Every structure is written in structure tokens, then in C-alpha cells.
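S.K.:
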Amino acid sequence: MSAFLDLFIRFFPDIMRGAGVTVLLTVEGLSAGFVLGLLAALGRNYGGRIWKGLAVAYIELFRGTPLLVQLFLIYYGLPGLGVTLSREWAAFLALGLNSGAYQAEYLRGSILAIGEGQMTAGRAIGLSKWKTIFHIILPQALRLAIPAWANEPVSLLKSTAVVFLIAVPELMAKAKSIAAQTYAPISAYIAVAIIYLAMVYLLDALLKWAERRSKIPGFEMEGKKA
Amino acid sequence: MESNVILQAKNLTKIYGQNVIFKDISLDVTQGETIVIIGPSGTGKSTLLRCLNLLTRVNSGQVFLDGKEITAQGYNEDFVRQHIGMVFQNFLLFNHLTALDNVMVGLTRVKGMKKPQALEKAMHELTRVGLADRAGHYPGQLSGGQQQRVAIARALAMDPRVMLFDEPTSALDPELIGEVLTVMGQLARDRMTMLVVTHEMGFAREVADRIVFMEKGSIVEQGSPDDLFNHAQHERTREFLWKITELYGNKEKQKGGQ
Amino acid sequence: MLTDFVSYIIQGTVTTICVTLIALPSGLLVGLGLALINIYGGRWLSWLSSTFSLLMRGVPPIVLLFILYFVLGGNGSLINLEPFWAGSMSLGIVSSAYQMEILRGALLSVSGGQMTAARAIGMSRLKAIRYIILPQAIRLAIPPWSNEASIVLKDSSLVYALGVPEILRRAQQLSATSQQPFLAFGTAALIYFVLVFATNRLLDFISERSKLPTQPV
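Protein chains in written order, with the working numbering: chain A, 1 to 226; chain B, 1001 to 1258; chain C, 2001 to 2217.
Next comes the structure, spelled out in C-alpha cells:
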């Protein structure tokens, strides 16, 4: 036990650096995913044939394949087509595209829950289709999606761990290097697991707080499926 | 004439948190008797019923079934409930089983009956409640009245010593109440021992051997239907009966009596 | 040559399917046990199972995979399992926490009245759970469970990190030898896509068939 604590204290700065990169990756992936997810959801619900097809293809492909495969395809596969990305960019792209597909589904669900009525009402007072979407539908849909969407940041945080396989120096990569230096792999990975737990707990608390702050009484999705 | 007391409640008290649900209730139920318990909502009538088959535990007092104290420490509750049947306000049929399987499951899984025997007995009970032709239907395919009748068949299949009915028609649409009360009336005529909590005054008047009026956690008055309806001794009893007959009187005129 | 190419990666498919077929059912068994003790097992067991669930779901699966691998397999560990088994069982243990939550939700969704009615005809708690509650809960659990099945299938790619020769590792080997990385990894992605798609379809079919009739005949 004391050996474990020694290890923990000795490598703490390094672990924190790794955690920092993890947080950065999460924020980047979440933001990029939000933009992509929004575009995909809009394309799917309101786009013409082509946009709808593209959106569906994107969502199905990135939800239907593992993140790790997507990562390798982008980092190792694209150079074969002449597109070479740095490991940081590859990780960012993979995480963003992956997250976007899942966020698109959350948003699509809540847009459907808002229903056609709101669109009809908006058009009826003279708003164009897209004006209605931006001023009437989206503000409601985004709020409605919050409880289900709150799954995504935590899920993404955990997903970032796989990018260590392309040598991005985030938390899991640190664990591997500590394991190599100390020949105590179990301790190293447990130490890192504890940090992940702490991050997940904090993130969860933050999201719950945000959810409470943004609640409109009586405006909730019943029986939602994530 | 020797009467056989099947179920006996002695000084039952039930407290839930700060509320006294009922206090010092004593009741003797004779074989073949139909007792109807009436009273304002929330007076603990349902809770009393559930204490009789040990679904809920009393805080003090004793319950005896055929002379044996079932509230005693370590007495097998499951065994008791094989001999006391209960019918609930919201039917509580097993949703994943057909009507026939609902009636059979107690026989095969609790009493360990072989399937052919259980099938025969179950069909007999379903026929008794008039639903033999719906044996293969699921609860989702049955009306409220039909579901309740299957629930009655399910309870009867266990050959209980006494049947407890907890507001059996309160959750039914008005036009479906009659079919359930008809089945219950027939059971009473077949000399089943029954304890019924209900607001159906017509049923109480026609079928009950004894009516018990409960209010605020105690028995105010009890007696034959004639006694209570025509010669009630307590003001409260008269008040309640008058009010509730007013409320339900019209319904009965429409049904044209039982 | 292309057929050799594709067939090499497809052989990895068998491994991937095997990993999933070990992880998913074992996760179900353990998850079911955990859900039952969580709901019916009393305070101590309930707390234990809840804590297990929180720990397993709060840490990235790959981290748990590594921890469990070094505990189960590798040199100087308790039972010397090879990567395939260590990886599969680790995925199973991780999945059991998520499946516990799914089954727990489903069990709690079955209304309390069903238990009451079961006890009223003399069933013991155990019998009631077995014959009345569980059959209904399983039906309710199918949609979220299908989701979990997809996830386990996709997470099986993580055993790549343990050196197991599943789809991704074979794709990587092929990419190195053939100098056609996009084709190699693209094929891997396609195979996963087909597997996930087929699994979802199958489970949707089962879900439809298991629905109870509600239309009066």
C-alpha cells in the first residue's frame, strides 16, 4: 500500500499533465462534436435528399464502428491517400467525428419530441423554415436534450483513453510510461483509474448543477431513451 | 347451531409513522359468511384486509386462521396466503401470462400440481367466472371487467378458506361493474366465505350477511343489512349510508338492481 | 490478391465474434446476479453492488482492461491467462456493471403490484422473482440491452491493445505488409459496420417477437 502511495506521489505532476491533456481532448471533442452533431441533426430532420443522406451516412458509420478503428483509419489510413495528420489532429478529428454522431442522435430525438406543431406555428406567423428552426425549434430542442445529452461528456472523457495507442501524451499514456519505469503496472493503472474516477465524478456533479440551473418547470422529455 | 369461525382478528392495531391507521379492531368471520366492510375512504379498510393475509404486518394484535395464529413469529406467510385468496382493486394480473396461465401458475408453481390436473382445475375456475373462451388471451387483450374476473378465478383456483376483495370494482368503468358483482354474488350463494371492501351499496344490501361500518380506524357499527340500513344505531352510520346511497342510488336504478 | 487481403482480415472477425460471445453472456450472468442482489439482497450487498457499478462505469474500459489483464494474465499473476481469455473476461466484467444497471432499471420498472399479486397466491419472494418479475423485466430490458450488445461488440476492438489477433490487429499487420493502409483499415471499419448492423437487426427482430399482444382478438 505504501509502495502505491509512493508511486502516486512521485508521479503526481506527470499524472496531472496527462489529465490536463485528457481534459483538453474532451473539451475539443465535445465542441467539435456539438457543431457536427447539430449540422447532422438539422440535415437529417430538415435537409433535402442529399443532406439527409449524408447526415444518415455519417451518423450510421460513426456510431456503427469502434472509435479505435476510426482513430487508426484517420491516423494510419489517410496517409495512404496522401493526407497526413499529426497525432494530435488525428485524435481531435476522430473524437470529434465520433462524438458528433452520438450528439446528433440526442438532438434528433429532442427535435422530434418538439414536434411538427412548433414548425407549423412558426411558419404560420410568417417565419421562414430556417428562421423557425433557429428561433423556435432549436432553443427548445437544445434545452430538452440536456438530460440525455449529459451522458455524452462523461462518455467522451472515458473514450479519450484509447488515443494513447497513437502516442498522444494523455492520462492513459502516462500510466503506460509509469508502468514501464516502475515495473509496477497494476499500481500504475490503478493510480490512473483513480484520477479518471475523480474526473468523472467532478464532471457529473458539474453537469447535474448545470441541469438544475437550466430547468424550465413542466418542460421535460418523458421516458426518453438515450 | 354450531358456527365455524374460519378467520378471527383480535385487537389489531396498525400505525404508520405518525398515523394510526386502525386501532383495536376485532372481527370474527364464520364459514360461508359474506361480510361487507364500508366506510369513508382512507379509513384503513384496505390496510385491514392486507393485514389479514399478512401482506402487511400489524403492530399489535393477532390473526387466527382455522384456530391457528398466523401472526405468530416464524409462521410461514407463503403457506398462509395459499389459503386466503385476495382480489385487488387494479386486478394485478400477470401481464406476461395468458388468462389460463394466470390461473394455473399458482397451481403448478406453488402447489406443485402436474400440468394436466392444473389445466383442468384452471379451466373449471375460468368457466365459473364465465371466461372459458378467453383462456388464451393476454391481460392486454381483456377489458377491465374481464381482467378482474380472471383475477377472481386465479384466487379461487387455490381453493382458499376465505376470499378477500379489496374494492374490486372501484377501478372499473360503470358498465363493467355488473359482470364482476354477478360473479361475486354467485360465490356468496355458493357459500364461499368472503370479506369485501366496497362502495357498492346495492351489492351490500343484497348479498351481505353482515355489514361492518368502519370510520377513523375503528368499527362504528356492524349488523345485518336490514339492521344497518333501516335501524342504524349510530348517527354517523345513518349519515354515511344516506350520503352514499344518494351517490350510488342513481347508478343502481339504471342497472335495475342486482 | 485482393481476396487474400480481405480473407486475412476476415479471419480476425472470428476472433472478434468469439471475444464478444464470451464477454456479453458472462456480463449478462454476472450483471443479472448483481441486479438481483442490489434490489433484493439487503443493505450490505446492495451497497457492494452499487459501488462495483460506480467503479466499473467511472473508469475507461481500456484502463480496466489493462488492470484486469495484469491481474488475470501476464507473468506472476494469479491465474496465467492468455490475452484472448484475459481480454474477453475483462470485457465481460466491465459489461456486467452496465448490464446490472440495465437489468436493475428493468426489474424496478415491473410494477410493485406484480410482486404483491404473486405473494397473494402464496408464492415466496424467490418464486415471484423467477416466474413473475424476471420474465417481464427481461422483455423491458431488450432495447437498452441491444444497445449494450453493440457497445461490447465495438469495445472488443480494445483487446487490440493486448495483442489479440482480432480484426483491427490483422488490419494493422496487413497495412504494414501491403503498404495499403487506407484499404486495410477501411476494410476493418466495414466489417465492424456489418457486424454491428446485423446484430442490431437481429435484436430488433427479437424485440418485436417478444412483445405481448394488446389488441383484442
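Built from N, CA and C at the ideal position, the CB exists for glycine as well. All values reported here derive from a predicted model rather than from experimental measurement.
(1) Tell me the DSSP bridge mates of V1180(B)?
(2) Report the rounded CA-to-CA distance for E211(A) versus N151(A), giving the unit in angstroms.
(3) Assign D1173(B) to one of two classes, buried (16 or more other C-beta atoms within 10 Å of its C-beta) or exposed (fewer than that).
(4) Going along the chain, which residues of its own chain have a beta-carbon closer than 6 Å to the beta-carbon of T980(B), five neighbours each way excluded?
(5) Answer yes or no: do G1992(C) and D1078(B) have a C-beta to C-beta separation smaller than 9 Å?
(6) In its own chain, which residues sit with a C-beta less than 6 Å from the C-beta of I136(A), not counting the 5 before and 5 after it?
(7) S2124(C) CB to nearest chain B CB: under 9 Å?
(8) If we ignore side chains and look at the alpha-carbon of each, how far apart do L1142(B) and P2213(C) end up?
(9) May I ask you to verify whether the segment 1124–1135 of chain B touches the segment 1068–1087 of chain B, counting CB pairs closer than 8 Å and requiring at least 3?
(10) In chain order, what residues of the same chain lie with their CB nearer than 7 Å to the CB of A1188(B), ignoring the 5 residues before and after it?
(11) How is V2006(C) classed by DSSP in three states: helix, strand or coil?
(12) Could you say if the segment 2100–2118 of chain C and the segment 1081–1101 of chain B meet the contact criterion of at least three C-beta pairs nearer than 8 Å?
(13) Could you say if the segment 2081–2101 of chain C and the segment 2050–2066 of chain C meet the contact criterion of at least three C-beta pairs nearer than 8 Å?
(14) Cutting at 6 Å between CB atoms, please list the residues of its own chain near R2169(C), excluding the five before and the five after it.
(15) Any idea if F2070(C) is buried or exposed, counting beta-carbon neighbours within 10 angstroms, 16 or more meaning buried?
(16) For V2164(C), I'd like the list of residues in its chain whose CB is within less than 6 Å of its CB, leaving aside the five on either flank, ordered along the chain.
(17) Are A41(A) and L95(A) close, meaning C-beta to C-beta below 9 Å?
(18) Determine, using beta carbons only, whether K225(A) comes closer than 9 Å to chain C.
(19) Use the C-beta contact count for D1268(B): other C-beta atoms within 10 angstroms, 16 or more gives buried, fewer gives exposed.
(20) F2005(C) versus chain A: which residues are under 8 Å apart at the beta carbon?
(21) Out of M1192(B), W1242(B), G1185(B), which one is the CA nearest neighbour of F1213(B)?
(22) Count the other CB atoms, across all protein chains shown, that sit within 10 Å of the CB of H1109(B); report buried if there are 16 or more and exposed otherwise.
(23) State the Cα-Cα distance for the pair R1149(B) and N2038(C), rounded to the nearest angstrom.
(24) Exposed or buried, W2145(C), counting other C-beta atoms within 10 Å across all chains shown (16 or more means buried)?
(25) So, does the CB of N1004(B) fall closer than 9 Å to a CB anywhere in chain C?
(26) For A191(A), is the classification buried or exposed, using 16 other Cβ atoms within 10 angstroms of its Cβ as the cut-off for buried?
(27) Short check: CB of I59(A) to CB of A104(A), under 9 Å?
(28) Can you tell which of Y1016(B), V1020(B), T1047(B), L1052(B) has the C-alpha that lies nearest to the C-alpha of V1029(B)?
(29) Check whether the segment 2012–2023 of chain C touches the segment 2043–2051 of chain C, counting contact only when three or more Cβ pairs, one atom from each stretch, lie closer than 8 Å.
(30) Taking the Cβ atom as the reference point for each residue, do A184(A) and A3(A) lie within a distance shorter than 9 Å?
(31) If we ignore side chains and look at the alpha-carbon of each, how far apart do D1226(B) and Q1233(B) end up?
M.R.: With the structure as the only source:
(1) Within the DSSP bridge table, the entry for V1180(B) names no partner.
(2) Their Cα atoms are separated by approximately 12 Å.
(3) Around the beta carbon of D1173(B), fewer than 16 other beta carbons sit within 10 angstroms, so the residue counts as exposed.
(4) Given that chain B is displayed from residue 1001 to residue 1258, the structure contains no residue 980(B) and the question cannot be resolved.
(5) Summary: the structure shown does not reach residue 1992(C), with chain C confined to residues 2001 through 2217, and so no result is reported for it.
(6) Q118, G122, listed in sequence order.
(7) Output row for S2124(C): interface = yes.
(8) P2213(C) has its alpha-carbon roughly 10 Å from the corresponding atom of L1142(B).
(9) Under the Cβ criterion (8 Å, minimum of three pairs), the segment 1124–1135 of chain B does not count as touching the segment 1068–1087 of chain B.
(10) For A1188(B), where only same-chain residues beyond five positions count, the Cβ hits under 7 Å are T1034, M1194, V1207.
(11) In the three-state scheme derived from DSSP, where H, G and I count as helix and E and B as strand, V2006(C) is classed as helix.
(12) These segments touch.
(13) Three or more pairs of CB atoms, one per stretch, sit closer than 8 Å, so the segment 2081–2101 of chain C contacts the segment 2050–2066 of chain C.
(14) Correct list, in chain order: Y2160.
(15) It is buried - the Cβ of F2070(C) has at least 16 other Cβ atoms within 10 Å.
(16) Once the five neighbours on either side are set aside, the close Cβ partners of V2164(C) are P2083, F2084, G2087.
(17) Contact: no.
(18) Residue confidence for K225(A) is low, a pLDDT of 36 falling below 50, so the modelled location carries little weight and cannot support an answer.
(19) Past the boundaries of the shown model lies residue 1268(B); chain B is included only from 1001 to 1258, so the question cannot be answered.
(20) What F2005(C) touches in chain A: nothing, since even the nearest Cβ is about 14 Å away.
(21) Nearest of M1192(B), W1242(B), G1185(B) to F1213(B), Cα basis: W1242(B).
(22) Going by the sequence as given, residue 1109(B) is Arg instead of His. So R1109(B) ends up on the buried side.
(23) So the alpha carbons of these two residues sit roughly 36 Å apart.
(24) Buried, since its Cβ has 16 or more Cβ neighbours within 10 Å.
(25) N1004(B) has a beta carbon lying at 9 Å or more from every beta carbon in chain C.
(26) Buried, by the Cβ-count rule.
(27) In contact: I59(A) and A104(A) (Cβ atoms closer than 9 Å).
(28) Among Y1016(B), V1020(B), T1047(B), L1052(B), the Cα nearest to that of V1029(B) belongs to L1052(B).
(29) Output reads no: the segment 2043–2051 of chain C does not touch the segment 2012–2023 of chain C.
(30) Yes, the Cβ-Cβ distance between A184(A) and A3(A) is below 9 Å.
(31) Cα to Cα, the separation comes out at about 12 Å.
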